[in-house]
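Notes follow the structure.
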Amino acid sequence: MMPPRANVAALDLRAQAAALRAGQLSSEELVREHLRRIETHAGLGAFLHVAADEALRQARAADAARAAGDARPLLGLPVAHKDVFVTRGMPSTAGSKMLAGYMSPFDATVVERLGAAGAGMVALGKTNMDEFAMGSSNENSAFGPVRNPWDAQAVPGGSSGGSAAAVAARLVPAATGTDTGGSIRQPAAMCGVTGIKPTYGLCSRYGMIAFASSLDQAGPLAQTAWDCALLLEAMAGFDTHDSTSVQHAVPRYTESLDAPRSGASTDKPLAGLRIGLPREYFAEGLSHEVALAVRAALDVYASLGATLVDISLPRTELSIPAYYLVAPAEASSNLSRFDGVRYGHRAANYRDLAEMYAQSRAEGFGPEVKRRILIGTYVLSHGYYDAYYLQAQKIRRLIAEDFLQAFRECDIVAGPVSPTVAWNLGEKADPLANYLADIYTLSASLAGLPGMSIPAGFGQGAHAKRPVGLQLIGPHFAEDRLLHAGHQFQRATDWHLRTPELGA
């Protein structure tokens, strides 16, 4: 039975799709309700642009298409896009003054595949983000921070904090994000939603405003693993426009989610699954409240038949220096195109071309972006390339080899997403403190592996309303394995069903 119309926004993507197919509500009704919630909870700062009129037009078109027999599974369902994806007809800013007001003449491949040209989803607007996806708290946006729906004093995590907060607050049932060093998994964990970073190259990067080209990867955020599986089916696939896109067949992830593993039973659906627990993920630095929630989640996996195996990823601590050399180096190169000449912000006052470049970039970029450009330019400069950048790439290869060794002993790796629950806005003024929050997510990104965050509990005491996420990491192209494990966990728990108390 359908809940009252005012509660349709609380339904997950799968339930909303079923209601549309059954004729229990229309796409226009669904979109109107989400637009109402976006307006009501604008104080969260989750959206940078809301395309209300266009969304309603798309919703009516979806209703007409469904009435004519169109059976696409995502047809007419609402979605929001992280503002790092360019979109025709909407501003695309990457959270930066440098691109304020920029209107792209084309859609990113991910946007196109989820939209009218592909799955038929209705785009409600663009979500807030750390500037050029650089940050772990969503406080680096040039247009103001995003607030965590569970606790307005807390950060939502970054850089896809706007997307995660929008899904958690039920402003939208699904949103796109990007993950360079943890920027889907970390905000998903801190906002109590599900998010997956696919294997590098599985989703096209065409139309994604680049941060670090060898690391950036698109992925979905939603309430459940089932929803993420459905979205990933539409988003993934080879794209001739993207030289980093991989020719790999995309499975029908949703078809096997409810089935027990081969040889398992309905009461022990994960029998035979070996889950590796890196001792480095449970060492000094992990907060007690996060450790308790993660251990309790692992006990659930054991009750579902999985075997917990102690493993080691010995170079985990090296992932921070390696990442914060490789990523800024690539950012320095990618962001050199923003010079005030062809597009983007141009300074109003300058005396010559060199001053126009310098003044435009000084005005257009925020402090964190400038910091990473300076680091990247330094490590790529003559005399320092071999000492820093080349050494970081060697360490990256060793980190990947650690995972190869680990997957000989286990099928997936599990552990915390972040050392702590979400911290307060303004609490971590020191950039290095923010960088340390990425310790458990960076290594999978450096190795190009798929990683997933699923809701697994809450903190304690003053943090009792701040969510904790469980991270699952798999071998290359093992998204189906991660999604199955996440879905089975969510069948046995209700953390993903909890919603923040925001009101109607």
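Per full-length UniProt numbering, the very first residue in the sequence shown carries number 1; after that it's consecutive. Think of the CB as a built atom: it goes at the ideal place given N, C-alpha and C, for glycine as much as any other residue.
Asked, Found
"Three-pair Cβ contact test at 8 Å for the segment 309-328 versus the segment 368-383", "yes"
"Residues sharing a beta bridge with F47, DSSP", "T127"
"Rounded separation between A347 and G43 - CA only", "31 Å"
"Closer than 7 Å: S287 CB and nearest the ligand SAM heavy atom", "This structure does not include the ligand SAM; it has no bound ligands of any sort."
"Cβ neighbours of V250 in the same chain (closer than 7 Å, five flanking residues each side left out)", "E233, A236 and G237"
"Limits of the alpha helix (DSSP H) - the one that Q471 falls within", "No alpha helix (DSSP H) holds Q471; the beta strand (DSSP E) holding it covers P467 to I473."
"Beta-carbon proximity of R371 to P450, cut-off 8 Å", "no"
"Beta carbon of A176 nearer than 8 Å to that of F47", "Here residue 176 turns out to be Thr, not Ala, going by the sequence shown. In this structure, F47 does not lie closer than 8 Å to T176 by Cβ."
"Residue 543 to V50 span [Cα, whole Å]", "This structure cannot settle anything about residue 543, because the visible part of the chain is limited to 1 through 504."
"Per-residue DSSP class, three states only, for M90", "coil"
"C203 in three-state terms, based on DSSP", "strand"
"Whole-Å CB distance - A142 paired with A55, under 8 Å assumed", "Between A55 and A142 the Cβ distance is about 25 Å, and since that is not below 8 Å, they are no contact."
"Collapsed DSSP secondary structure at K82 in the structure displayed", "strand"
"7 Å CB neighbourhood of S332 in its chain, flanking five on each side removed", "I373, G376, T377 and L380"
"Helix, strand or coil at H487 [DSSP, three-state]", "helix"
"Secondary structure of A175, DSSP reduced to three states", "strand"
"Beta-bridge pairing of M452 - partner residues as DSSP gives them", "I196 and L472"
"From H41, I395 and A456, residue whose alpha carbon lies closest to that of I321", "Going by the sequence as given, residue 321 is Pro instead of Ile. The candidate whose alpha carbon is nearest that of P321 is I395."
"Closest by C-alpha distance to A18, when choosing among G76, A64 and G45", "G76"
"Validate contact between the segment 451-470 and the segment 188-207 using beta carbons, cut 8 Å, 3 pairs", "yes"
"Helix, strand or coil at G457 according to DSSP, with G and I counted as helix", "strand"
"Candidates H345, S26 and A259: closest to G486 by CA position", "A259"
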